[in-house]
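First the structure, in the form of structure tokens, and then the observations on it.
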Amino acid sequence: MEGEAYGFIKDFFKYEEIMDQCIEIADSQRIDRCDELTIENFDKFVFDVKSKCPQVILYLQKIYENNNMSSVGCKFLYYWVYNYLLQKKQINKIRTIYLTFLSTYSVTYSNHNLTDARKISIKEVDLPKVTALYDMYKNLKTIKQNCKPNKSEEYCSLVKEIINQYNMQLQKEDIEISATHVLPHYHSNIKAPILTTITVILMITFFIFIANKISPHVPFLHHGIKRIKNKLKNTVIEWNMLQSQGLRNSFLNTDRYSVFI
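For any residue, its number in the numbering used here is found by taking its place in the sequence shown, counting from 1, and adding 42.
Here's what the structure looks like:
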């Protein structure tokens, strides 16, 4: 189930109601196959499994009649074995018990195909997540019932406070996740112009170097480079003159303002 959506959990309510309805019916019925049930290397919980077997067989029959053994119904049974029957213990035995229930049901109702049902499982790493989500759904149902008008305001205020804390935590995690995705992209955007600029500078430098090497042998190229050099030289001279003039003006201004000091 790892990597799959957890949307099926919201339908667990329906299947838990079916399982609960089977308790009273199972008390009034006897299923011989359940008395013959055996689980190898698992004597500790055999009595509990046998006592719950009639309830589970009736449950499987109901979900078969309602929806041809739906995958969600089978997942709830798998979760039910983990959470209710084994009380979150002996996790390595969940699948063994689940398949034992299916085998007992298959013998009782031999005309039913359980190929897909046998493939159902919930990975151990996902079981606590499923439990947490299902508990949240159940708690939400309780909160809705107790936070209606004219109900306890203190209780509802505490509920809102917890919800706000949860929302703030989610927003914080979303910001951190966004930052980890944006920053590498931002750095890559900076690197591209820098690399382009360096490449252009190297190409210009290489071109000038080659031009200087071959210009003595090519008259028009030689004269062109010479004119460019002269223009650059004149520009440098003019720039130096402007700098000198600027310095003189600066000194004059300094002397003028020094009067007020």
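Note that the Cβ used here is the ideal one computed from N, Cα and C, for glycine as well.
Minimum C-alpha distance to residue i - residue among the options
i: K202; options: K186, Y121, K214; result: K186
i: N155; options: C189, Y179, N110; result: N110
i: Y147; options: Y179, T241, R72, Q103; result: Q103
i: E107; options: L128, I60, R72; result: I60
Helix, strand or coil at residue i [DSSP, three-state]
i: C64; result: helix
i: Q213; result: helix
i: Q71; result: coil
i: Q207; result: helix
i: L156; result: coil
i: T173; result: helix
i: I81; result: coil
i: Q132; result: coil
i: L164; result: The sequence given here has Ile at residue 164, not Leu. Looking at I164 - three-state DSSP - the assignment turns out to be coil, as it is neither helix nor strand.
i: C116; result: helix
CB of residue i within 8 Å of CB of residue j, strictly
i: C76; j: C95; result: yes
i: V91; j: L79; result: yes
i: L119; j: C64; result: no
i: Y48; j: L127; result: no
i: I162; j: S113; result: yes
Between the CA atoms of residue j and residue i - distance to the nearest angstrom
i: L144; j: T150; result: 10 Å
i: I81; j: I204; result: 44 Å
i: L200; j: I164; result: 34 Å
i: N209; j: L141; result: 40 Å
i: Y179; j: I105; result: 22 Å
i: S93; j: K52; result: 28 Å
Cutoff 6 Å; reference residue i; Cβ partners in own chain excluding five residues on either side
i: C189; result: C198
i: Q132; result: none
i: I136; result: V123, Y124
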